[in-house]
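Here is the structure we will look at, set down as structure tokens.
In this note's numbering, the protein residues as written are 1 to 272.
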């Protein structure tokens with residue numbers, strides 16, 4: 001019996017050895033450089049699960065991510081290049097940022113006076129994010145595009161972007177995009193409607209949440225268009241005032257913030 005068991009164990013060991021001998025060694029995973037080169041020449045490979053599995057090791061992915069981030073830090077304008085986004089879109093932040101106001105002022109001024117500079121690689125490198133933020137603010141302020149808020153960097157709160165855009169506008173940095181529908185509307189031949197809408201509004205601060213006879217609540221768009229005047233000359237420092245449609249505006253003590261909806265009770269209102 002012992003001899004039988006010994007022979008059986010020996011046979012099992014031989015079989016296991018044979019199996020191990022027949023198992024091929026796993027091929028080495030492609031390097032990050034190899035993955036990038038293959039993707040650049042054959043973009044369709046990103047849809048190949050076998051290729052993506054081979055290139056998705058943490059080491060390879062981190063190498064690609066690091067390279068993409070280094071490239072974008074050296075030249076932010078790469079965010080606008082389709083070929084770069086094809087390769088690095090997963091690893092870079094293409095969201096709208098809040099950019100230094102002086103830089104935005106410089107970039108927009110240069111582009112206004114020297115349109116050809118937009119093709120200058122050095123200008124694109126320096127001004128890419130600044131011009132993108134200015135364009136986003138134009139869409140937000142002049143066209144009323146709320147979808148811009150969905151494109152913000154997660155670190156930027158909507159109210160911060162709102163205030164940032166109005167600072168740019170109050171400093172005269174923003175100008176309506178001539179390709180938008182803002183300019184054609186303002187260039188229509190003079191009509192009674194235009195005459196009424198272009199008349200200066202006289203804003204007042206009233207007690208309570210309603211306006212006296214002959215006056216109406218200021219709208220959100222009117223409050224935004226006249227934010228500096230209302231905040232500094234109409235509201236008191238710590239006011240929270242009602243606007244039309246359930247909106248509200250804060251005094252300068254709270255940063256002159258405008259909210260589309262505010263269910264809190266208001267002590268006063270902005271009327272016109």
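Beta carbons are placed, not taken as given, at the ideal position from N, Cα and C, and that holds for glycine.
Only a predicted model underlies this, so the values are computations on that prediction, with no experimental measurement involved.
Counting only the Cα atoms, residue 51 lies some 7 Å from residue 45. Bridge pairing for residue 271: 204, 217 [DSSP].
A Cβ-Cβ distance of about 7 Å is found for the pair residue 219 and residue 245, placing them in contact under the 8 Å criterion. Inclusion of residue 136 and residue 151 in the CB contact set at 8 Å is warranted, their separation being smaller than that value. Linking residue 224 to residue 169 through their CA atoms gives a straight-line distance of about 10 Å.
Residue 205 and residue 226 have their C-alpha atoms spaced approximately 14 Å apart. Residue 157 is positioned such that its CB atom lies no closer than 8 Å to that of residue 211.
DSSP places residue 152 in the strand class (E or B) of the three-state scheme.
Cβ-Cβ distances below 7 Å link residue 104 to 130, 133, 134, 168, 173 in the same chain, with the five nearest sequence neighbours on each side left out; the list follows chain order. Contact annotation, residue 231 with residue 252: C-beta distance approximately 5 Å; criterion of less than 8 Å satisfied. Per DSSP, the beta-bridge partners of residue 258 are 249. Going by C-alpha positions, residue 149 is about 28 Å away from residue 234. In the assembly as shown, residue 241 is a buried residue. Its beta-carbon has 16 or more other beta-carbons within 10 Å.
Distance from the Cα of residue 203 is smallest, within the candidate group 126, 272, 119, for 272. In the three-state reduction of the DSSP assignment, residue 230 falls in the helix class, which pools H, G and I.
Per the coordinates, the alpha-carbon of residue 75 lies some 51 Å from the alpha-carbon of residue 209.
With 16 or more neighbouring CB atoms inside 10 Å of its own CB, residue 166 falls in the buried class.
Following the DSSP letters along the chain, one finds residue 241 inside the beta strand (DSSP E) bounded by residues 240-242. Of the candidates 119, 237, 222, the residue whose Cα lies closest to the Cα of residue 256 is 237.
In the displayed model, residue 99 falls within coil according to three-state DSSP, outside both helix and strand.
Annotation for residue 125: the continuous alpha helix (DSSP H) segment containing it runs 121-142. For residue 143, the closest C-alpha among the options 43, 258, 221, 124 is that of 221. Non-local beta-carbon contacts of residue 121 in its own chain, meaning distances under 7 Å to residues more than five positions away in sequence, are absent. Going by DSSP, residue 166 is part of the alpha helix (DSSP H) stretching over 158-170.
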